[in-house]
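These notes concern the structure reproduced below.
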Amino acid sequence: IANQMMGDLPAARVNPTRAFQKTGVDYAGPVTLRVIKGKGHKYYKAYIAIFICFVTRALHIELVTDLTSTAFVKALRRFCGRRGKPTDIYCDNGRTFVGAQKHLRSIESKEFKTRVKQFLAGEEITFHFSPPGAPHFGGLWEAGIKSLKHHLRRVLGNEILNYEEMNTLLIQIEACLNSRPLSPLSNDPTDLLPLTPGHFLIGDAITAPADSTFVDNNTTYTNNWKKVQKLHQNFWRRWSSEYLTRL
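When you line the sequence shown up against UniProt numbering, it's residues 1 to 247, in that order.
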């Protein structure tokens, strides 16, 4: 039986580069946030921008308040300020940002593309509104978006956070996802610790353990900090049990 021939992975996926030099970006959402100040209960929609390193599979998450090009450019500025400027950013325009297809039609607009390209041209970053011509790229977007959306939805339930709480939770989730092993775990106790995306970001494993002093799942939320820690703990527990068993 003839062996099936597998196509070569694109260069952006296999050539050694620093983390996020070749980056994909996608959106997830919307998520409902609560206004902190003012009387009564006021809510608004926000979105989650996810940047994915093509080489290390590291993720960077940004909470954005709307779908305008201005908000997206600000998210890009924050990303570049903390991760360094990439040489190339890819957006899977063919699926209109898979994380939030029906909500993100404005991203296909000429104004949006023009504004983003103008900003990145000044930063000497090439923005591609479609991924390189290989099916391997689709999996990057899908895996990152699905991991985040699946666990975030299960953890939040009907809970509505304010901006600070959601942003804190997302950053802790980012640390969790960047702690995932890049290869199957070994049963040999003499083996080295598994390599994770975090090793390529800080030179060591990123650790974001749940607060050990807050472990009772039936505990009433007494303040905003405990509420966020409760949600993070639930996310970590679900991710550990559901993701690691699939490696």
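Idealized CB from N, CA, C, for every residue including glycine.
Item                                                                                                                     : Value
Boundaries (first-last residue) of the beta strand (DSSP E) holding Val25                                                : Lys22 to Arg34
Buried or exposed by the 16-neighbour rule on C-beta atoms within 10 Å, applied to Pro184                                : exposed
Segment contact, 8 angstroms Cβ cut-off, at least three pairs: the segment 112-122 with the segment 57-74                : yes
Three-state secondary structure (DSSP) of Leu59                                                                          : strand
Burial state of His41, where buried means 16 or more other Cβ atoms lie within 10 Å                                      : exposed
beta-carbon Arg77 near the ligand MG non-hydrogen atom, thresh 6 angstroms                                               : No copy of the ligand MG appears in this structure; indeed no ligand is present at all.
Boundaries (first-last residue) of the alpha helix (DSSP H) holding Lys45                                                : Premise fails: Lys45 lies in the beta strand (DSSP E), Tyr43 to Cys53, not in any alpha helix (DSSP H).
Buried versus exposed, by CB contacts within 10 Å (16 or more), Lys230                                                   : buried
7 angstroms Cβ cutoff met for Tyr27 and Ala58                                                                            : no
Which of helix, strand or coil DSSP assigns to Asn167                                                                    : helix
Option nearest Gln21 by Cα separation, candidates Phe200, Ser179 and Val228                                              : Phe200
Where residue 249 sits in the DSSP three-state scheme                                                                    : A query on residue 249 cannot be resolved here, the shown segment of the chain reaching from 1 to 247 and no further.
Nearest residue (CA-CA) to Ser147, options Pro86, Ile52, Lys85 and Phe79                                                 : Ile52
7 angstroms Cβ cutoff met for Pro197 and Asn178                                                                          : yes
Proximity of Ile125 and Val25 at Cβ, strictly below 7 angstroms                                                          : no
Cα-Cα separation between Gly29 and Arg153, rounded to whole angstroms                                                    : 10 angstroms
Spatial neighbours of Val35 in its chain, beta-carbon cut-off 6 angstroms, leaving aside the 5 residues before and after : Lys42
Thr70 - DSSP class collapsed to helix/strand/coil                                                                        : helix
Neighbourhood of Thr17 by C-beta, 6 angstroms cutoff - its chain only, sequence neighbours within 5 removed              : Val55
From Cys80, Arg83 and Lys110, residue whose alpha carbon lies closest to that of Thr68                                   : Lys110
Paired residues, beta bridge with Cys176 - DSSP                                                                          : Partner(s): none; Cys176 has no beta bridge.
Identity of the residues DSSP links to Cys91 by a beta bridge                                                            : Val25
Nearest-angstrom Cα separation, counted from Asn187 out to Thr32                                                         : 42 angstroms
From Thr65, Ala46, Val64 and His60, residue whose alpha carbon lies closest to that of Arg83                             : His60
Rounded C-alpha distance that separates Val228 from Gly122                                                               : 38 angstroms
Under the three-state DSSP convention, the category Thr126 falls into                                                    : strand
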